[in-house]
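S.K.:
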Amino acid sequence: MKVLAAMSGGVDSAVAAARAVDAGHDVTGIHLALSTNPATLRTGARGCCTIEDSNDARRAADVLGIPFYIWDLAERFRADVVDDFVAEYAAGRTPNPCLRCNEKIKFSAVLDRALALGFDAVVTGHHARLADGVLRRSVDAGKDQSYVLAVLTPQQLAHAIFPLGDTTKADVRAEAAARGLAVADKPDSHDICFIADGDTRGFLTRHLGSTPGDIVDAGSGAIVGSHAGAHGFTVGQRRGLHLDRVAPGGEPRYVLEIRPATNTVVVGPGELLDVDEVAAERPVWTSGYPGEQFECSVQLRAHGMVSPARVVIEGERVVARLHTTQRGVAAGQALVMYDGDRVLGSATISSARRAPVPA
Amino acid sequence: MAYLDHAATTPVLPEAVSAVTEALGGLGNASALHGSGRTARRRVEESRESLADALGARPSEVIFTAGGTESDNLALKGLFWARRAEDPRRRRVIVSAVEHHAVLDAVQWLASAQGAETVLLPVDRLGRVEPDVLRDALAADPDSAALVSVMWANNEVGTIQPIAELAGIAHEFGVPFHTDAVQAVGSLAVDFAESGVDALTMTGHKLGGPYGAGALLLRRDVDCVPLLHGGGQERDVRSGTLDVAGAVGLTTATCITVLRRRQTTARIAELREKLVAGVRVAVPDVVVNGDPEHRLPGIAHLTFPGCEGDSLLMLLDARGVECSTGSACAAGVAQPSHVLLAMGADDAAARGSLRFSLGHTTTADDVAAVVAAIGPVVERARRAGTAVPAGTGA
Chain X
243 MKVLAAMSGG
253 VDSAVAAARA
263 VDAGHDVTGI
273 HLALSTNPAT
283 LRTGARGCCT
293 IEDSNDARRA
303 ADVLGIPFYI
313 WDLAERFRAD
323 VVDDFVAEYA
333 AGRTPNPCLR
343 CNEKIKFSAV
353 LDRALALGFD
363 AVVTGHHARL
373 ADGVLRRSVD
383 AGKDQSYVLA
393 VLTPQQLAHA
403 IFPLGDTTKA
413 DVRAEAAARG
423 LAVADKPDSH
433 DICFIADGDT
443 RGFLTRHLGS
453 TPGDIVDAGS
463 GAIVGSHAGA
473 HGFTVGQRRG
483 LHLDRVAPGG
493 EPRYVLEIRP
503 ATNTVVVGPG
513 ELLDVDEVAA
523 ERPVWTSGYP
533 GEQFECSVQL
543 RAHGMVSPAR
553 VVIEGERVVA
563 RLHTTQRGVA
573 AGQALVMYDG
583 DRVLGSATIS
593 SARRAPVPA
Chain W
114 MAYLDHAATT
124 PVLPEAVSAV
134 TEALGGLGNA
144 SALHGSGRTA
154 RRRVEESRES
164 LADALGARPS
174 EVIFTAGGTE
184 SDNLALKGLF
194 WARRAEDPRR
204 RRVIVSAVEH
214 HAVLDAVQWL
224 ASAQGAETVL
234 LPVDRLGRVE
244 PDVLRDALAA
254 DPDSAALVSV
264 MWANNEVGTI
274 QPIAELAGIA
284 HEFGVPFHTD
294 AVQAVGSLAV
304 DFAESGVDAL
314 TMTGHKLGGP
324 YGAGALLLRR
334 DVDCVPLLHG
344 GGQERDVRSG
354 TLDVAGAVGL
364 TTATCITVLR
374 RRQTTARIAE
384 LREKLVAGVR
394 VAVPDVVVNG
404 DPEHRLPGIA
414 HLTFPGCEGD
424 SLLMLLDARG
434 VECSTGSACA
444 AGVAQPSHVL
454 LAMGADDAAA
464 RGSLRFSLGH
474 TTTADDVAAV
484 VAAIGPVVER
494 ARRAGTAVPA
504 GTGA
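Protein chains in written order, with my numbering: chain X, 243 to 601; chain W, 114 to 507.
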């Protein structure tokens with residue numbers, strides 16, 4: 243096949259491209275330029291978006307002997323990922339930009355262009371298994387990325403190749419070293435690629451400004467502190483609240499709810515974060531409609547815990563009734579449904595609650 | 114493989130390879146006083162004399178450098194500093210809007226860090242600087258003009274500027290004139306003295322010489338502050354131990370290329386016409402950019418409506434045809450060509466263009482390969498061009 247290998251400059255995508263070459267594919271490497279202001283070399287490499295990363299990707303492609311080009315998707319990335327990220331926070335939700343990037347950039351803008359140019363598939367270094375249209379978790383549970391791929395449709399997956407799903411990260415690094423790829427010991431990328439300093443709250447303040455508001459106690463309704471903008475918070479967050487008043491009994495308080503309309507952050511004891519019913523919207527079924535209701539296991543954030551659940555589909559809405567509670571479920575994250583290690587599909591979490599005990 | 118990117122770099126002449134190889138075997142610092150030094154110096158000075166002779170300059174006007182970028186930077190910054198030191202009112206650096214980045218970025222730095230004021234001369238839709246535009250720019254405030262720099266021939270579209278006329282206008286106002294002649298030397302009749310320019314940039318690897326060897330031709334009566342301080346070589350304008358092999362290789366290639374110029378360029382021009390005619394048959398709506406008359410013989414700069422230049426380049430590369438889209442920034446992200454934008458092209462046209470540049474090794478088979486590939490490549494690139502909304506692609 244003629245395949246396009248998306249090369250971030252990291253070790254995973256370099257080895258994925260190498261394996262695609264070994265598999266006999268006609269491979270062309272591309273690096274996606276996603277930042278309109280690429281950081282300078284002095285900033286160093288963070289796994290994406292810097293000049294050093296594009297040089298690392300180019301160097302790996304040269305070692306593999308494949309053509310290499312840079313595609314400028316900065317405008318699309320800004321519109322579909324960065325602006326969406328900011329808007330979601332402004333609406334009191336907690337988005338996952340990596341998932342959005344897979345959905346809108348790598349397996350939409352890039353894939354569409356690749357297909358038009360005569361390629362058959364896009365190869366990435368994601369840690370997930372994909373065979374016969376079935377998406378599964380990676381054998382490396384710690385590095386599994388099936389969560390951020392669960393948003394892909396069967397049509398998108400039909401043109402995707404993930405060569406690393408059966409390999410642990412440690413083995414990927416060893417293979418990169420054996421292949422003479424200089425990125426073998428390059429540190430993993432982490433955090434959010436377009437927030438170079440890792441300061442998400444500062445980034446949001448720059449985009450949304452500071453709007454002081456109240457932090458309110460869930461039980462008493464009393465104002466227990468103030469904040470510079472409700473968008474800086476995530477449900478389940480404990481650190482950085484700077485409360486004026488200590489809770490009775492001195493137990494820690496967590497963000498329970500963000501009310502963007504009134505710019506209010508609601509805090510309370512941790513047990514109020516425990517939920518067992520999660521509603522989500524806009525489901526995507528990875529390998530076909532699974533039926534109106536079914537038992538499965540659900541994951542509610544990247545690298546989060548898994549709960550057994552009964553899922554009921556009501557049109558464009560999905561309700562998951564968890565058999566074990568989860569703490570700190572944030573709207574905007576994905577509800578990903580698994581049958582064992584097999585991905586069934588995903589939907590965007592709209593609300594979560596402690597379901598009333600039936601009488 | 115059909116190599117049609119000679120304006121980026123062209124194969125080194127076998128004679129230059131031999132000359133460089135032979136020179137690298139020799140010993141001696143050309144500034145040393147002993148026998149080895151004298152031998153090295155003799156090679157350098159013979160090269161200087163031959164190079165000067167080939168380009169209508171005097172030997173003392175040749176300053177060996179490490180190439181075009183260094184020569185441009187030396188001329189722009191060195192002349193600016195010298196002129197301003199004489200009279201602090203001289204702040205304006207007047208350059209054409211279609212210069213190479215080695216000129217534009219040097220001027221931009223002078224403006225941002227050295228108090229210069231950039232004056233960009235607009236070009237017409239063929240890429241030519243109108244002499245009256247320069248005259249008006251100088252006349253607006255002659256006392257504040259530090260220097261003028263206009264390239265001899267453009268590296269993207271190949272348009273040739275009326276250099277002697279422009280230099281004459283600058284001299285009417287007593288302002289020194291520099292020209293980047295990197296693309297012109299070897300392709301056009303370049304005579305330093307006859308042109309009247311005060312400084313001229315040239316480089317070896319565009320005409321069959323080694324990389325990293327170039328020269329700035331600089332009139333003796335023009336002051337230039339050095340970029341590199343040190344041992345005082347090259348009239349104290351460019352310090353650094355002389356690169357004997359580089360000077361020998363540069364001169365060998367330049368002399369041979371200048372000697373064969375008429376014959377080679379006639380052949381190249383004919384092949385270029387065949388290429389354009391063949392592409393026109395395959396892609397009837399192709400647009401040929403640049404000046405149809407005042408143009409480098411080996412450049413065909415073409416716009417393919419509805420295509421991204423990067424898609425075209427990638428698809429041609431996959432079929433063994435090597436060409437270029439024009440300028441690229443450090444991160445490798447293609448920018449719409451500033452040259453085409455200055456010529457009045459819109460953003461889409463500026464992105465959807467390719468430069469085929471022919472050179473001394475180009476054959477009829479190379480041209481046939483382009484003509485055979487271009488039809489299907491454009492068809493596919495058009496489909497991809499519409500797959501991603503305008504302004505987002507590649």
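All C-beta atoms, glycine included, are put in the ideal place defined by N, C-alpha and C.
What separation, rounded to the nearest whole angstrom, lies between the Cα atoms of X:V517 and X:R569?
M.R.: 6 Å
S.K.: So within the region 359-418 of chain W, which uninterrupted alpha helix (DSSP H) runs reach at least 4 residues, ignoring any that extend past its ends?
M.R.: 374-395
S.K.: For chain X, find out if any of its Cβ atoms is closer than 8 Å to the Cβ of W:L425; answer yes or no.
M.R.: no
S.K.: Assign X:L276 to one of two classes, buried (16 or more other C-beta atoms within 10 Å of its C-beta) or exposed (fewer than that).
M.R.: buried
S.K.: From which residue to which residue does the beta strand (DSSP E) around X:R378 run?
M.R.: Boundaries of the beta strand (DSSP E) around X:R378: V376 to R379.
S.K.: Let me make sure I understand the geometry here. Which of X:V245, X:R487, X:A572 and X:H545 has the alpha-carbon closest to that of X:V520?
M.R.: For X:V520, the nearest C-alpha among the options comes from X:A572.
S.K.: For X:L359, return the contacting residues in chain A, with the cut-off set at a CB-CB distance below 9 Å.
M.R.: Here the protein chains are X and W, and chain A is not one of them.
S.K.: To which residues does DSSP link X:I465 through a beta bridge?
M.R.: X:V458
S.K.: Give me the Cβ distance between W:V206 and W:L223, rounded to the nearest whole Å; I'm assuming they're in contact under 8 Å.
M.R.: Going by Cβ atoms, the distance from W:V206 to W:L223 rounds to 6 Å, so yes, they are a contact pair.
S.K.: In chain order, what residues of the region 342-366 of chain X put their CB closer than 8 Å to some CB of chain W?
M.R.: A351, D354, R355, L357, A358, L359 and G360
S.K.: My assumption, with CB atoms under 8 Å, is that W:I369 sits in contact with W:E128. Please give the rounded CB distance.
M.R.: Their Cβ separation, rounded to whole angstroms, is 6 Å, which keeps W:I369 and W:E128 in contact under 8 Å.
S.K.: Using a Cβ-Cβ distance under 8 Å, would X:P339 count as near chain W?
M.R.: no
S.K.: What is the DSSP secondary structure of X:G510, reduced to helix, strand or coil?
M.R.: strand
S.K.: Residue range of the beta strand (DSSP E) that X:Q397 falls in?
M.R.: Run containing X:Q397: none in the beta strand (DSSP E); it sits in the alpha helix (DSSP H), P396 to L399.
S.K.: For chain W, find out if any of its Cβ atoms is closer than 8 Å to the Cβ of X:P309; answer yes or no.
M.R.: yes
S.K.: Comparing alpha-carbon positions, which option in W:V263, W:L340 and W:P339 lies nearest W:S308?
M.R.: W:V263
S.K.: May I ask you to check if the CB of X:R595 is nearer than 7 Å to at least one heavy atom of the ligand NAP?
M.R.: Annotation note on the ligand NAP: not contained in the displayed structure, which lists no ligands.
S.K.: Check this for me: beta carbons of X:V217 and X:L498, under 8 Å apart or not?
M.R.: Only positions 243 to 601 of chain X appear in this structure, which leaves residue 217 of chain X out of reach.
S.K.: In the structure shown, what three-state DSSP assignment does X:F361 receive?
M.R.: coil
S.K.: For chain W, is any of its Cβ atoms less than 8 Å away from the one on X:G251?
M.R.: no
S.K.: Alpha carbons only, please: which of W:V298, W:P124 and W:G240 is nearest the one belonging to W:E212?
M.R.: Distances from the alpha-carbon of W:E212 to those of W:V298, W:P124 and W:G240 put W:G240 closest.
S.K.: How would you label X:H368, buried or exposed, when you count the other beta carbons within 10 angstroms and need 16 or more for buried?
M.R.: buried
S.K.: Are X:L446 and X:G482 closer than 8 Å when you measure CB to CB?
M.R.: no
S.K.: List the whole-angstrom C-beta distance separating W:A280 from W:V310, where the pair is believed to meet the contact cut-off of C-beta under 8 Å.
M.R.: 5 Å
S.K.: Determine the DSSP secondary structure at X:D439, reduced to helix, strand or coil.
M.R.: coil
S.K.: Please report the distance separating the alpha-carbon of W:L251 from that of W:I276.
M.R.: Roughly 16 Å separates the two Cα atoms.
S.K.: Using the rule of at least 16 other Cβ atoms within 10 Å of the residue's Cβ for burial, across every protein chain shown, is W:G321 buried or exposed?
M.R.: buried
S.K.: Whole angstroms are fine: how far does the CA of W:R197 sit from the CA of W:E435?
M.R.: 44 Å
S.K.: Counting Cβ pairs, one atom from each stretch, are 3 or more of them under 8 Å apart for the region 371-388 of chain W and the region 322-339 of chain W?
M.R.: Touching, no.
S.K.: Around the C-beta of X:Q398, are 16 or more other C-beta atoms found within 10 angstroms, so that it is buried, or is it exposed?
M.R.: buried
S.K.: Once you ignore the five residues that flank W:V157 on each side, which residues in its own chain have a CB closer than 7 Å to its CB?
M.R.: A143, L355, V357 and A360
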